[in-house]
Every structure is written in C-alpha cells, then in structure tokens.
Amino acid sequence: MNTNTKNIIKSVVIVLILLAFVFALRAPAAELNGIPSDMKADYVDSSGLPYFSEMDSYYNLRMTQDYIDHGYYGDTLVNNTPVDNHRFSPYGMNNTYKMGIGVTTSWMYNIAQLFGDFDVKTVAFWTGAIISCLAVIPAYAIVRRVTNDYGAIAASLLIALSPNYFAHTFPGFFDTDMFIFIFPLFTILFFIECIRSNRKKYKILFAILAVLSIMGFAESWDGYVFYIAMLALFIVVYLILNLYINIKHSHEDVSLASKIKEYILQREVLSVIGLVVLLVIALTIVDSSGVFGIVHNVLEGFTLQATTTLTGFPNVGVSVAELQVPSLISGGLSGSFLANTGAAINGIGGITCLFAALIVLYVYVNRLYKLSKTSTNKTSTGKLPKSLRESTSKKADDKRFSFSLSDIVEFGSQEEVAQSRKETVLYLTLFVVWTFSAAVAVTQGARFITLLILPFGLITGIFVGYAADYIKAKRLDDKKIMAMIIIAAIIGSYPIIIQVNRVLGIVLMIALIIIAAILYQLKKPLVYNDIPYTKYLAIFCIFLAIVSPTVCFAYFTSENIVPGTNDDMWNSMEWINKNQANDTVISSWWDFGYLFEIASDRQTIFDGGMQGSEGRAYWLGHAMTTDNLELSAGIFRMLGTSGYDPIYTQLVPYTNGSNGTTVKILNEILPQSKSEAQSTLESKYHVSSKDSEAILKLTHPDNPKPVIFVASSDMLSKAGWWTYFGNWKFDGDETKAYQYYTGKNQTVLNASGQTGVIPIHDEFGINFTAKIKKGSSNNTTAQIESKFANNGSEVKLNGSTYNPLKASNILVIEDGYLVKNESIKGASDCNYTLYVFGYNNTYNAVLMSNELVNSMFTRLYLLGGYGQDVFTQVHMANGVSLWKVNFENTAAGGRASSAVEVSNSTNSTNSTNSTNETTS
Numbered sequence: 002m003n004t005n006t007k008n009i010i011k012s013v014v015i016v017l018i019l020l021a022f023v024f025a026l027r028a029p030a031a032e033l034n035g036i037p038s039d040m041k042a043d044y045v046d047s048s049g050l051p052y053f054s055e056m057d058s059y060y061n062l063r064m065t066q067d068y069i070d071h072g073y074y075g076d077t078l079v080n081n082t083p084v085d086n087h088r089f090s091p092y093g094m095n096n097t098y099k100m101g102i103g104v105t106t107s108w109m110y111n112i113a114q115l116f117g118d119f120d121v122k123t124v125a126f127w128t129g130a131i132i133s134c135l136a137v138i139p140a141y142a143i144v145r146r147v148t149n150d151y152g153a154i155a156a157s158l159l160i161a162l163s164p165n166y167f168a169h170t171f172p173g174f175f176d177t178d179m180f181i182f183i184f185p186l187f188t189i190l191f192f193i194e195c196i197r198s199n200r201k202k203y204k205i206l207f208a209i210l211a212v213l214s215i216m217g218f219a220e221s222w223d224g225y226v227f228y229i230a231m232l233a234l235f236i237v238v239y240l241i242l243n244l245y246i247n248i249k250h251s252h253e254d255v256s257l258a259s260k261i262k263e264y265i266l267q268r269e270v271l272s273v274i275g276l277v278v279l280l281v282i283a284l285t286i287v288d289s290s291g292v293f294g295i296v297h298n299v300l301e302g303f304t305l306q307a308t309t310t311l312t313g314f315p316n317v318g319v320s321v322a323e324l325q326v327p328s329l330i331s332g333g334l335s336g337s338f339l340a341n342t343g344a345a346i347n348g349i350g351g352i353t354c355l356f357a358a359l360i361v362l363y364v365y366v367n368r369l370y371k372l373s374k375t376s377t378n379k380t381s382t383g384k385l386p387k388s389l390r391e392s393t394s395k396k397a398d399d400k401r402f403s404f405s406l407s408d409i410v411e412f413g414s415q416e417e418v419a420q421s422r423k424e425t426v427l428y429l430t431l432f433v434v435w436t437f438s439a440a441v442a443v444t445q446g447a448r449f450i451t452l453l454i455l456p457f458g459l460i461t462g463i464f465v466g467y468a469a470d471y472i473k474a475k476r477l478d479d480k481k482i483m484a485m486i487i488i489a490a491i492i493g494s495y496p497i498i499i500q501v502n503r504v505l506g507i508v509l510m511i512a513l514i515i516i517a518a519i520l521y522q523l524k525k526p527l528v529y530n531d532i533p534y535t536k537y538l539a540i541f542c543i544f545l546a547i548v549s550p551t552v553c554f555a556y557f558t559s560e561n562i563v564p565g566t567n568d569d570m571w572n573s574m575e576w577i578n579k580n581q582a583n584d585t586v587i588s589s590w591w592d593f594g595y596l597f598e599i600a601s602d603r604q605t606i607f608d609g610g611m612q613g614s615e616g617r618a619y620w621l622g623h624a625m626t627t628d629n630l631e632l633s634a635g636i637f638r639m640l641g642t643s644g645y646d647p648i649y650t651q652l653v654p655y656t657n658g659s660n661g662t663t664v665k666i667l668n669e670i671l672p673q674s675k676s677e678a679q680s681t682l683e684s685k686y687h688v689s690s691k692d693s694e695a696i697l698k699l700t701h702p703d704n705p706k707p708v709i710f711v712a713s714s715d716m717l718s719k720a721g722w723w724t725y726f727g728n729w730k731f732d733g734d735e736t737k738a739y740q741y742y743t744g745k746n747q748t749v750l751n752a753s754g755q756t757g758v759i760p761i762h763d764e765f766g767i768n769f770t771a772k773i774k775k776g777s778s779n780n781t782t783a784q785i786e787s788k789f790a791n792n793g794s795e796v797k798l799n800g801s802t803y804n805p806l807k808a809s810n811i812l813v814i815e816d817g818y819l820v821k822n823e824s825i826k827g828a829s830d831c832n833y834t835l836y837v838f839g840y841n842n843t844y845n846a847v848l849m850s851n852e853l854v855n856s857m858f859t860r861l862y863l864l865g866g867y868g869q870d871v872f873t874q875v876h877m878a879n880g881v882s883l884w885k886v887n888f889e890n891t892a893a894g895g896r897a898s899s900a901v902e903v904s905n906s907t908n909s910t911n912s913t914n915s916t917n918e919t920t921s
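For the record, in the sequence shown the residue sitting at position 64 is 65 according to my numbering, with numbers rising by one throughout.
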C-alpha cells in the first residue's frame, strides 16, 4: 500500500470520527436535560417527541409535509402556482419556498422507512442535526490541502460546532441553517481546486462541482447571494493582484500588451474566467431574478437596520433578536475566552481564535511580500543560476515544513517560488476578502456571524497546523515549551471550568501542567519520530486552547435545550382546531404564527415570514396598545376579512399614496358604525360616494370571518417592541415604547402588617423590587424600591433617591376582587402603575407603563376581560388565553353601544386566575 493510499484511508477514518463526534455532541439536545424531570412531560407532544425549539421549524415542517404528501409546497395550485392558504389572511400567499430543505428531508424520510415506521415530524426533528455534521468534510479537506491533520481537525471542529451554527442545528431545530456551511464550503473547496489543478480534466470537473454546489445553495437558502458577492469581489481582487505581480516579475524587454496577453492565458486566469461564465449561466437557471436581481438583493441586505421601510411603516426586522447588531465581545475580558452566540468574537470561538487567525493573515502578507522580491529568472537551460540553486536535502527539509511559521516565507526551492507565490496570492486574497465581506455583513445583525465563522474557522485551523509544524521543526528552549504548555493549558481548561464541569476543568489543567513538569525534569527526553514528547504535549495544549471554547459551548448548549413551546400552547391550538369554524382566523403577535398554522390548521393574520407585509406589525401592535377595544376589533375585522392593501388602493386618490394618511383615516372609521364611517369619509376626507361604499365593503364587511386573538405570557416581555410599532409616528416624530415588568417570584403574606419583596427588574447594577405590605380591611399597599445589587443600599443621585420605575398608581386584587385602584401619594409625577395580585395569601406583582393600564392587552390578559364584551374568553391554559372577537357587540357590527359592565365577581376571578398562571 503506497503512502498516498495510506493518507487517504487515514483522512477518511479521521473524517468519520469527526462526524460521529459532532453528532454525539448534538444528540443529547433531544433528551431535554435542561428541564427538571417532573416538567419534561409538558415539553413533549403526544407521541413523546419534544416540541421544536423555534417556530420557523414548524413552517418548514408544514411545507415538508405538503411536499411529501402532494409534491409541492403549499395547500393548493392556482394557475400552476403553489398557494399557502394558512398564511396572510385573507389572501393566502403565493409560495416561493426554497426546495432544499423539503427535498433533503424527503430523502431522509425515504431512508428512514427502511429501518422502521417513522413519521415526517420525527425525521424532520433529526434532519438538521444529521445534515449539519457533514460540514466537517469540506472543512477538513480545505485545511488539509494547506497544512496537516492537526489543523484540519481543528478547523472541522471550530466550524461544525461553532456557536451560531450549533445553536441552529441540534435535534429539534429544523431550518435552512443546516445548509449554510456545507454548500459554501464545498463551493470554496471546488473553486480553489479548479484554480490550483494542473490537469485540464480536473479543472473542468472541479468547475462543474463548484457550480453545482452554488446551485444547490441557491435552492436552499436566500443568503447564498452573499457568497456570490464575496466570490465576485475575490475574483476581481485576485485577478488584479495576480496581474500586478505577473507584470512586475516579467522580463523588462517584453511589452505591456504582451505581458497582459501572457497573463490572461495562464491556467489560473482561464480557470477563473471559465468559472465565472459557468456561474452566470447557473444562476440564471436557478434564480429567476437573474444577476442584476442578485445584485439588488445584496444591496438590500444593507437596509436591515433602517427603522422605517419605504412604505412609511416601521421595519419590524429591527425587533428580531438575530437582526440586532452584535457587540464585539460578551462577558468582558474573562468572557472573551469563551465561545457563545452573544457577540462576534465569541461567535468565532473566542479571542484566542481571533489572534490565531490574525497571525496567519500576517504570515501570508509577509510571505507574499518576501516572495514578490524573489527573482525567478532562469538560465538558457531553463534552470536557475547555480548561486540560487539549493541542495536536494535542503529542498526536502524545506518541503517537509513548508507551511511552518518560520519557513512559510521561504517556502520550497527557488524552482517553486512562482507556484508558491500564486498559491499565496490565492489564499491571502480569498481569506482577506472573505473576512472583510463577512465583517461588513455582521454590521447588519447577529444572524450574519455565521458568515464570519467560516473564514475564521479555516484560518484558525491553518494556524494550528502551522503551529504544529513550527514546534516540531524548530529547536525550542525547554523553558519556552513549558511556558507555552502552561499558558495553553490554562486557556484550554478555562471553558471546561466555566461551561462543563468545574472540577474536571481544574483537574485537566493541573494534570497537563504536572505531565509537562515531569517531562521537563527528565534527563533523557522521551521522543517519538525524533520529536520530544514535550513538543507533542505543547501541540495538544495549543489545539485544546483553540477548540475547547467551541466544544464546551456545544456541550453546554446541548445539555440545556428547552423547546420553544409546550403543551399549553399546542393544546390551545388543537382546541381551536376542534371547536372553531374552519374559516376562523388567528390573530396575535408574529412569534408563534407558524405554530398556530400547523397546530390549529387555521389561517393567521401575522407570522414570522410577513413582518413587513401591509404594515401588519403596526396594525397588530396598535390593536393591542390602544384603549379603544372597538378599534382593536375593527383592525382584526379588516385584516382577517379584507386585508389592508385593497383599502389603501381605494384611498390612493385621496391620500396621494401616503400610508400615514391612510392609517389616520382607518383608525378613525374602523370603530365607527358603517353610517358614521361613510359620513366621515365623504364629509371629512372628501371621498366620493362610490368610493366610500367600496371602502366600507372592505372595512365593514357584512359577514366578517371569525377571529380568535391569542394572548400569551411571552407578550409581556415583548411589549417594548409591539408597543413601539403600535405607536408608530408616521410623521417622523419620536416613537415611544412601553413596558411590562413582571415579578420574578411570589411572596406569601399570611398576616396583616407582614411585608414581602418581589424582584421586578435588574439594570445597570440596580435591583428594582416591589415591596408589598399586607394591610387589614383591604388596605394592602406597595411601591417600587431601587437598591444597589452589590450592597443593598438605596440608590441616590446627587443626594436624592433615584428610582425611575417608581409607581404613581396602585391596583390591588385580593382573591378575585378588585379592592384598590388609586393614586399613590407623593408619586404623581411617576410613569408606572403597580398591579398587585393576591390569591390565598400568595402575592405577585406586575409593573407597567401608565399608558398600558387601559390597553386592550392589559384588559384581556391581566384583567381577564373585565368591564367589556367586545372580546370573550373561550379557552384558557397556563400562560395562554384565547379570545373570540364579538363583532356583533361593536358599533361597526351594528350595536349602538358597547360599554357593557359585566359581573365584577366573575371577571375579577378570571383576571386573578389568568395573572397567577402567567406570572408564577
């Protein structure tokens, strides 16, 4: 068996081990080890499978079920176009769903049937965890071509287990993230091999494989356009830099035109040109928008942080956590040595990986600088002058360590200088352009940290390989090796101490240092292949320091997974499926929209894929923020039955196409009776009789679709966003957001005069608590206190108490009865209201902005619908309540007055039950 075959077999075995390892780290996520045993049953469905971890997974699952069931994505075909009738009431939505995830899962489903009777949901649950592991293959191959197994293994682990990738590819996370490393890595691998290869048939093969990889990517993830832009920039920079170097090192007596012609005919240049042609053809096939459309999509990516869209409606994308601009480092100096999803540097594996990658980039720049000064002029025999030739032994020694940190700038013999220069230009250009492009993308949101991971993962892997060769090749002082081991052991053990097991991490660190000390003290050093064991230990410790943060984060994440929903939400949707009409529309904030669609089998007004459609973030936020429940019902009636765009179109002649003016008109007429609305349109806004009748058919339909509003506990913490969008100022004035602060625990007060404290909020080292004193004769009192977290002393600013969350009003409910609703003396200038809920002597509290006291959401979710009959609670579970909209009880629905008081006892009891379940 020759050496080449042995190396191939060794590489295959290593890759298989890596595949098993990265999957083994993902698999425990399915065990829900982060949830107490007595609570796990709430987070698994009727089949025993855990609920998915985020809501996009449910949309992908529904699309995959459609594809496997009837061969296309969506519910029906209209003019041969798939339409999804579960989304975007009342229209449904033309489906432009990417093929990749459904086709891949369909294959996995067919394979699974060979081993048992598995349903689509179970297969989908595991698909992301399985497919994502394949990223180790191209990662290993790319780095192994540049350096050794140490570097290739490190790069594979850094990429396949990277925080932002791992957090989206464990069991129960079923999204297109599984593809975002595999396809670009294969594309880059084949792209590089096409340029490097000396044989024409291999060039053609690799070019075809590169194009197929990008085509597969285009069918799997919209973000593929980033790599098109990056490759385009890389090609431009690579060709220009190569041209400059080629001209610089050409014979002086050759004309510039001849130099350029000679350059164009080089195999590397022809390979790039051929690849570009093939890519353009392929992209024209897979993307109907064409090359110019791709350019537009790339430029559009730089508008993600704009708060306002071109329509004037707010950009709801800024509320998505993944689209928040990330910080550079999370957790301060100590946190910088850990990997996590909270910041850009932590996302690539920590600050150690950052410095390692920067060292490699410096080495490439330095190497190119030195190689560019090296002449490759040959004698008439085609050989270098004798003075420049080197001995065979020197060549062999140089080649053995051709990628070490020391020898990198003197790679190979002089005969190899030209080829070395070309490869240096190739890798340097690729990594610099890739890193720069990804860094720019990260400024548009944390979601794009994944783009930064790939170049840094590869470069850091190369560093490990270079470091290993450097340590093996150089005569290093034993003290320096010892210092290297100690520092690397500390850095490598630290993530284990923090994220895995404190004792294990400390024991490992001490063990490594003791072993190093023993080896250091030996008079005759132990060696293997002429290399001392201390050097192997140093290499291992460097490897550990590089990969430990990433591996530890993966372990920590997998052991602490909590599904994105539970029985209460899922069963509530099944209740709708069994008890509500088929044309019922579900309304709520967008987060759970995809789950509503699949679990209830009903259409929704708002979900995670249409935040920017028809300004629905504004309309839903406004419906929940307003204190006019007739307006809330009118918004649901409009969006559920008619939509916004047809009304906007009808009003264009009277609004000059302004959404702000259209919104103003609708906010005025939606709560009015049909006759009042017609009068308002015609007399105030000068709408013609014909147009007003057409508009009223849309705003005040005779037979509106039934609407169920879903209120849930998570919406309390998200109020800052939905109130911000709901209060949007179309004239450009500053928009304000309002908040709920819920108690973090409960306090038991059995006797009059007893005092309890409930934590409400922590910010900037200050603890805000609700101090409750149980009174006699329904005279319980409470107020917000602010104290420093470190010493518990009262917060003062310039000698005065600092308490920005102090309440101006208090509302107390005792055992289902409203017993107090009054202003707090001496606090009239404060901006919050404190709700205290007591049931069987157990108290909780919610602090809210005064502007939310009479909001629709407060009245329904916190007060159980007290004092109104526009909404009726039809179902309630822990943290979830369903409200049917009674259109017939509104002025627009034909009733003269909707101000109906209902039984204080009944509704107050509902209020207390709802709130206790929400905040407990």
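For glycine and all other residues, C-beta sits at the position ideal for the given N, C-alpha and C.
From which residue to which residue does the alpha helix (DSSP H) around H876 run? Element bounds for H876: not the alpha helix (DSSP H) but the beta strand (DSSP E), F872 to A878.
Pull up the distance between the alpha-carbon of L652 and that of S674, whole angstroms please. Each residue's alpha carbon lies about 19 Å from the other.
Alpha-carbon to alpha-carbon, G466 and T859: Approximately 60 Å, taken between the alpha carbons.
Compare the C-alpha of T353 against each of K885, A340, V364 and T782 and name the closest. Checking every option, the nearest Cα to that of T353 belongs to A340.
Bridge partner(s) assigned by DSSP for K797: The beta-bridge partner set that DSSP reports for K797 consists of T802.
Y365, enclosing alpha helix (DSSP H) - first and last residue: Residue range I352 to S373 is occupied by the alpha helix (DSSP H) that includes Y365.
Does the beta-carbon of M2 have 16 or more other beta-carbons within 10 angstroms, so that it is buried, or is it exposed? Of the residues assessed, M2 falls on the exposed side of the cut-off, its CB having fewer than 16 other CB atoms within 10 angstroms.
Return the first residue and the last residue of the beta strand (DSSP E) that M849 is part of. Secondary structure note for M849: its beta strand (DSSP E) is the uninterrupted segment T843 to S850.
Taking C-alpha atoms, which residue in L477, L883 and M510 lies nearest to S601? Nearest C-alpha to S601: L883.
Which residue or residues does DSSP assign as beta-bridge partners of A344? According to DSSP, which records beta bridges pairwise, A344 is partnered with S328.
Going residue by residue through the segment 595-671, where are the continuous alpha helix (DSSP H) segments of at least 4 residues, counting only ones entirely within it? If we require 4 residues or more, the alpha helix (DSSP H) runs fully inside the segment 595-671 come out as 617-626, 630-642, 646-656 and 660-670.
Assign T380 to one of two classes, buried (16 or more other C-beta atoms within 10 Å of its C-beta) or exposed (fewer than that). A caution first: T380 carries a pLDDT of 44, below 50, which makes its placement in the model too unreliable to give a value.
Of the choices I511, I497 and V528, whose alpha-carbon is the least far from that of K473? Nearest to K473 by C-alpha distance, out of I511, I497 and V528, is V528.
Taking D715 as part of the alpha helix (DSSP H), name the residues at either end of that continuous run. According to the DSSP assignment, D715 belongs to the alpha helix (DSSP H) that extends over D715 to S718.
Looking at C-beta atoms only, is the number of pairs between the segment 39-50 and the segment 562-569 that lie closer than 8 Å three or more? With a cut-off of 8 Å, the segment 562-569 and the segment 39-50 count as touching, because enough Cβ pairs lie within range.
Buried or exposed: V14, going by 16 or more other Cβ atoms within 10 Å of its Cβ? With fewer than 16 other Cβ atoms within 10 Å, it is exposed.
I need the straight-line Cα distance from Y836 to L329, nearest angstrom please. One Cα belongs to Y836, the other to L329, and the distance between them is close to 39 Å.
How far does the beta strand (DSSP E) with S856 in it extend, from its first residue to its last? Counting along the chain, S856 falls outside any beta strand (DSSP E), and DSSP gives it neither H nor E.
Which one of A678, K525 and A113 has the shortest CA to CA distance from K698? For K698, the nearest C-alpha among the options comes from A678.
C-beta contact flag for I767 and A790 at 8 Å: In contact: I767 and A790 (Cβ atoms closer than 8 Å).
What does a CB cutoff of less than 8 Å around V124 pick up in its chain, not counting 5 residues either side in sequence? So the list reads T106, M109, Y110 and A113, once near-sequence residues are dropped.
Confirm, please, whether the CB-CB distance from Q740 to M849 is below 8 Å. Between M849 and Q740, the C-beta spacing is below 8 Å.
Could you please give the first and the last residue of the uninterrupted alpha helix (DSSP H) stretch that includes T461? Following the DSSP letters along the chain, one finds T461 inside the alpha helix (DSSP H) bounded by residues I450 to A474.
For a minimum of 4 consecutive residues, which ranges assigned as the alpha helix (DSSP H) are wholly contained in the segment 544-582? If we require 4 residues or more, the alpha helix (DSSP H) runs fully inside the segment 544-582 come out as 568-580.
Alpha carbon of N845 to alpha carbon of T770, nearest angstrom: Note on geometry: alpha-carbon atoms of N845 and T770 lie some 11 Å from one another.
Quick one, are the C-beta atoms of S221 and F180 less than 8 Å apart? The beta carbons of S221 and F180 sit closer together than 8 Å.
Terminal residues of the alpha helix (DSSP H) in which C787 lies: Inspection of the sequence shows that residue 787 is occupied by Ser rather than by Cys. Where S787 is concerned, there is no enclosing alpha helix (DSSP H), although the beta strand (DSSP E) it sits in stretches over T782 to F789.
Could you say which of I102, E786 and V504 lies nearest to D763 if we only look at CA atoms? Of I102, E786 and V504, the residue nearest in Cα terms is E786.
Applying the criterion that 16 or more other CB atoms from any shown protein chain within 10 Å of the CB defines a buried residue, is S684 buried or exposed? The C-beta of S684 has fewer than 16 other C-beta atoms within 10 Å across all chains shown, which makes the residue exposed.
Can you tell which of I825, I519 and F838 has the C-alpha that lies nearest to the C-alpha of V813? Taking V813 as reference, the option from I825, I519 and F838 with the minimal CA-CA separation is F838.
Using the Cα positions of T128 and G103, report the straight-line distance between them to the nearest angstrom. Their Cα atoms are separated by approximately 10 Å.
Tell me which residues share the same chain as P29 and place their Cβ nearer than 7 Å to its Cβ, disregarding the 5 neighbours each side in the sequence. Only S559 and E560 meet the Cβ criterion.
Can you give me the C-alpha to C-alpha distance between N810 and S643, rounded to a whole angstrom? Cα to Cα, N810 sits roughly 40 Å from S643.
Looking at the structure shown, is L431 part of a helix, part of a strand, or coil, going by DSSP? L431: helix per DSSP, three-state reduction.
On the DSSP bridge list, what partners appear for D85? Its beta-bridge partners are M94.
I need the straight-line Cα distance from V501 to A161, nearest angstrom please. The straight-line gap from Cα to Cα measures roughly 19 Å.
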